[in-house]
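K.L.:
Residue numbers (our numbering), protein chains in the order written: chain S, -4 to 274; chain X, 443 to 595.
Positions of the beta carbon are idealized from the N, C-alpha and C atoms, including for glycine.
My questions all concern the structure below.
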Ligand SMILES: Cc1cc2nc3c(=O)[nH]c(=O)nc-3n(C[C@H](O)[C@H](O)[C@H](O)COP(=O)(O)OP(=O)(O)OC[C@H]3O[C@@H](n4cnc5c(N)ncnc54)[C@H](O)[C@@H]3O)c2cc1C
Ligand code: FES
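What follows is the structure, encoded as structure tokens:
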């Protein structure tokens, strides 16, 4: 797949200012970063390597609108030293950026038929650009459903935006949480339960899946039981990364380098791999 | 009314592939049921005298713990089966079930179902096979919930 040339030399971060910070959840923020004039062109599913000065660098998916390349939008959950430093940045601070890297979701395959976007937790971040892209060319797709699960209602990302989608007719949204909280009147149960409640014609449906690996494994099984072809199930994999461009081997997963050959894979391309515990 | 219930059971995914004769046996145990939003369908510990095929609406399965109040463990929706405690002793409900929205269901009487199973083991096998699938799926879902896959690393 032809990707746009990176704006920056692949191994040297460019230091761009943070334009705004939006707190999404207790441990998660969305940074809007200002690329140089010309913007940062990317495909839904691609990631950048983000660095916090003097601390380190991590891969983070782009969660913004591919149609608005003048803002680099990334949603980060604080789990360790680098992600904590990045989530503590303030408007005006500088952040190191390399990329965009990796391939994108196979959106071309999805045209003309039904689409299932299945996300778990922070996994909605790399899928949001898919929804933006579909919405700008809505008639090119059949029924589009977002099936989104999180640990609890307070773990659901982008709720304001999701409510907007729910109020419209373009996307069917089904939400569920593993644990309810007072005031939550929605579904309680795992995200795979939502598959049988979604409207789609299995033959021809494309599913884009991102979340914790266990969730993706169960989702893949449930989608196949529902009749979706594994060639049409795409997942986004996470592995530790260093170079981000296929040089160092850190992200090797069987015969693949996740940074270069992925992070998005079709389940049919990694039948044995996708579902092994570790390689 | 029986005609309607028969057709509803006949069309339902859960009973797909059952013979018309078996659907007839089920229909004899079935009555339509409706629950208003907020209405309790059954309470934990009460006699499990029925199971329900939810046609429309949403139902919460809840456990109440002292000091913490009601805690929703799962929600069920149109197309789902509610209740299998009627199958095994002590035949008491394990959870509270409450309608979250106006809910339409088919109530299958447990005593009638058990008598039908005793009288016709082939029918019983067909029915239990379907309930086992639901139980397996729920068990797997419960395990996934327990794993807390989205939790803190
Ligand atoms: C292609 C790709 C895209 C990604 N996109 C995003 C994104 O959009 N937003 C986001 O927040 N994160 C994303 N991640 C994950 C992110 O890169 C890691 O969370 C990050 O590397 C953690 O680094 P750290 O130094 O903060 O913590 P570390 O010190 O590396 O890890 C701290 C603890 O967190 C655990 N941990 C590390 N990574 C993860 C993980 N992914 N999930 C759960 N636990 C983890 C570690 O095992 C350790 O226990 C992505 C990863 C990849 C490979
Ligand atoms: S991170 Fe270096 S090869 Fe993928």
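(1) Ligand 2 and residue 241(S): does the residue's C-beta get closer than 7 Å to at least one heavy atom of that ligand?
(2) Contact check, residue 147(S) vs residue 176(S) under 8 Å by CB: the rounded distance?
(3) Is it the case that the Cβ atoms of residue 45(S) and residue 91(S) are separated by a distance below 8 Å?
(4) Let's see if you can read the secondary structure: which residues bound the beta strand (DSSP E) around residue 203(S)?
(5) When we look at the beta-carbon of residue 527(X) and count the other beta-carbons within 10 Å, is it buried (16 or more) or exposed?
(6) Check whether chain X comes within 8 Å of residue 80(S), counting only Cβ atoms and requiring the distance to be less than that.
(7) Output needed in chain order: residues of the stretch 193 to 227 of chain S with a Cβ under 7 Å from some Cβ in chain X.
(8) State the CB to CB distance for the pair residue 257(S) and residue 98(S), rounded to an integer number of angstroms; the pair is presumed to be in contact (CB under 8 Å).
(9) Quick one: grab the DSSP three-state call for residue 543(X).
(10) For residue 536(X), count the other beta carbons within 10 Å of its own beta carbon; 16 or more makes it buried, fewer makes it exposed. Which is it?
(11) With DSSP as the reference, label residue 519(X) as helix, strand or coil.
(12) Answer with buried or exposed for residue 567(X), where buried requires no fewer than 16 other C-beta atoms within 10 angstroms of its C-beta.
(13) Roughly how many angstroms lie between the CA atoms of residue 590(X) and residue 159(S), to the nearest whole one?
(14) Assuming residue 191(S) and residue 162(S) are in contact, meaning their beta carbons sit under 8 Å apart, how far apart are those beta carbons, in whole angstroms?
(15) How about residue 189(S) and residue 171(S): are their beta carbons less than 8 Å apart?
(16) Name, please, each residue of chain X whose Cβ falls closer than 9 Å to the Cβ of residue 183(S).
(17) Count the other C-beta atoms from every protein chain shown that fall within 10 angstroms of the C-beta of residue 444(X), then say buried if there are 16 or more, exposed otherwise.
(18) Give the residues of chain X in contact with residue 146(S), contact being defined as C-beta atoms less than 7 Å apart.
(19) Tell me whether residue 506(X) is buried or exposed, calling it buried when 16 or more other Cβ atoms sit within 10 Å of its Cβ.
(20) With distances taken from CA atoms, which of 239(S), 217(S), 7(S) and 205(S) is nearest residue 232(S)?
(21) Taking 7 Å as the cut-off, is the CB of residue 232(S) close to at least one heavy atom of ligand 2?
(22) DSSP on residue 143(S), reduced to helix/strand/coil?
(23) Excluding the five sequence neighbours on either side, which residues of its own chain have a C-beta within less than 6 Å of the C-beta of residue 473(X), listed in chain order?
(24) Quickly, what does DSSP pair residue 69(S) with across the bridge? List them, please.
(25) With H, G and I counted as helix, E and B as strand and the rest as coil, what does DSSP make of residue -4(S)?
(26) Let me know the secondary structure DSSP gives residue 253(S) once reduced to three states.
(27) Determine the chain S residues that contact residue 583(X) at a beta-carbon separation under 8 Å, and present them in chain order.
(28) Using DSSP with H/G/I as helix, E/B as strand and the rest coil, what is residue 93(S)?
(29) What residues are listed by DSSP as bridge partners for residue 513(X)?
(30) Report the start-end ranges of each beta strand (DSSP E) in the stretch 175 to 225 of chain S that is 3 residues or longer and not cut off at the edges.
(31) Once you ignore the five residues that flank residue 467(X) on each side, which residues in its own chain have a CB closer than 8 Å to its CB?
(32) With a 10 Å radius around its C-beta and 16 neighbouring C-beta atoms as the bar for buried, classify residue 173(S) as buried or exposed.
(33) Residue 60(S) versus chain X: which residues are under 9 Å apart at the beta carbon?
(34) Among 71(S), 42(S), 26(S) and 179(S), which one has its Cα closest to the Cα of residue 513(X)?
(35) What's the call for residue 100(S), buried or exposed, on a 16-neighbour Cβ count within 10 Å?
(36) As a quick exercise: from 72(S), 68(S), 63(S) and 7(S), pick the residue whose alpha carbon is nearest that of residue 14(S).
P.N.:
By the coordinates alone:
(1) Taking the first chain and counting its residues from 1, one reaches residue 241(S) at position 246. The answer is yes for residue 241(S).
(2) Taking the first chain and counting its residues from 1, one reaches residue 147(S) at position 152. Taking the first chain and counting its residues from 1, one reaches residue 176(S) at position 181. Yes, residue 147(S) and residue 176(S) are in contact; Cβ-Cβ is about 6 Å, under 8 Å.
(3) Within the first chain, residue 45(S) is the residue found at index 50, counting from 1. Within the first chain, residue 91(S) is the residue found at index 96, counting from 1. Taking 8 Å as the Cβ cut-off, residue 45(S) and residue 91(S) qualify as a contacting pair.
(4) In the first chain, the residue the question calls residue 203(S) occupies position 208. Unbroken beta strand (DSSP E) run through residue 203(S): 201 to 205.
(5) Position 85 of the second chain, counted from the first residue, corresponds to residue 527(X). By the 10 Å Cβ count, residue 527(X) comes out buried.
(6) As a working note, residue 80(S) is residue 85 in the first chain. No, residue 80(S) does not count as interfacial toward chain X.
(7) 207, 209, 210 and 213
(8) Against the first chain, residue 257(S) aligns to sequence position 262. Against the first chain, residue 98(S) aligns to sequence position 103. At roughly 6 Å, the Cβ-Cβ gap stays under 8 Å, so residue 257(S) and residue 98(S) are in contact.
(9) By 1-based counting over the second chain, the position of residue 543(X) is 101. Looking at residue 543(X) - three-state DSSP - the assignment turns out to be coil, as it is neither helix nor strand.
(10) The residue given as residue 536(X) occupies position 94 in the second chain. Per the 10 Å Cβ criterion, exposed.
(11) The residue given as residue 519(X) occupies position 77 in the second chain. Looking at residue 519(X) - three-state DSSP - the assignment turns out to be strand.
(12) For the purposes of this step, residue 567(X) is identified with residue 125 of the second chain, where counting begins at 1. With fewer than 16 Cβ atoms within 10 Å of its Cβ, residue 567(X) is classed as exposed.
(13) Looking up residue 590(X) in the second chain gives position 148. Looking up residue 159(S) in the first chain gives position 164. Taking the straight line from one Cα to the other gives about 28 Å.
(14) If you number the first chain from 1, residue 191(S) lands on position 196. If you number the first chain from 1, residue 162(S) lands on position 167. No, residue 191(S) and residue 162(S) are not in contact; Cβ-Cβ is about 24 Å, not under 8 Å.
(15) The count along the first chain starts at 1 and reaches residue 189(S) at position 194. The count along the first chain starts at 1 and reaches residue 171(S) at position 176. Yes, they are a contact pair.
(16) Within the first chain, numbered from 1, the residue matching residue 183(S) stands at position 188. Within 9 Å Cβ-Cβ: 502, 503, 514, 515, 516, 517 and 587.
(17) As a position in the second chain, residue 444(X) is number 2, starting the count at 1. Annotation note: pLDDT 48 at residue 444(X) (below 50); position unreliable, coordinate value reported separately. So residue 444(X) counts as exposed.
(18) By 1-based counting over the first chain, the position of residue 146(S) is 151. Near residue 146(S) (Cβ distances below 7 Å), the residues of chain X are 590, 592 and 593.
(19) Position 64 of the second chain, counted from the start, is the residue given in the question as residue 506(X). Exposed, by the Cβ-count rule.
(20) Counting from 1 along the first chain, the entry for residue 232(S) is found at position 237. Closest by alpha carbon: 205(S).
(21) As a position in the first chain, residue 232(S) is number 237, starting the count at 1. Not so, every heavy atom of ligand 2 lies at least 7 Å from the Cβ.
(22) Walking along the first chain from the start, residue 143(S) turns up at place 148. Correct three-state label for residue 143(S): strand.
(23) By 1-based counting over the second chain, the position of residue 473(X) is 31. Cβ within range, chain order: 549.
(24) If you number the first chain from 1, residue 69(S) lands on position 74. In DSSP, residue 69(S) forms a bridge with 26(S) and 57(S).
(25) Stepping through the first chain from its first residue, residue -4(S) is reached at position 1. Only weak support is given to the placement of residue -4(S): the predicted model assigns it a pLDDT of 47, under 50, and the question is left unresolved by the model.
(26) The residue given as residue 253(S) occupies position 258 in the first chain. Residue 253(S): helix per DSSP, three-state reduction.
(27) Taking the second chain and counting its residues from 1, the one referred to as residue 583(X) is at position 141. The answer, in chain order, is 184, 185, 187 and 188.
(28) Here residue 93(S) refers to the residue found at position 98 when the first chain is read from its first residue. Here residue 93(S) sits in strand by DSSP.
(29) Within the second chain, numbered from 1, the residue matching residue 513(X) stands at position 71. In the DSSP output, where bridge partners are listed per residue, residue 513(X) has 505(X).
(30) 201 to 205
(31) As a working note, residue 467(X) is residue 25 in the second chain. Closer than 8 Å at the Cβ level, and outside the excluded window around residue 467(X), lie 558, 562 and 565.
(32) Position 178 of the first chain, counting from 1, holds the residue named residue 173(S). Classification for residue 173(S): buried.
(33) For the purposes of this step, residue 60(S) is taken as residue 65 along the first chain, with counting starting at 1. Per Cβ cutoff of 9 Å: no residues; residue 60(S) is ~25 Å from chain X at best.
(34) Position 71 of the second chain, counted from the first residue, corresponds to residue 513(X). Here the closest residue by C-alpha is 179(S).
(35) Position 105 of the first chain, counting from 1, holds the residue named residue 100(S). Buried is the call here.
(36) As a working mapping, residue 14(S) is identified with position 19 in the first chain. When only C-alpha atoms are compared, the closest one is 68(S).
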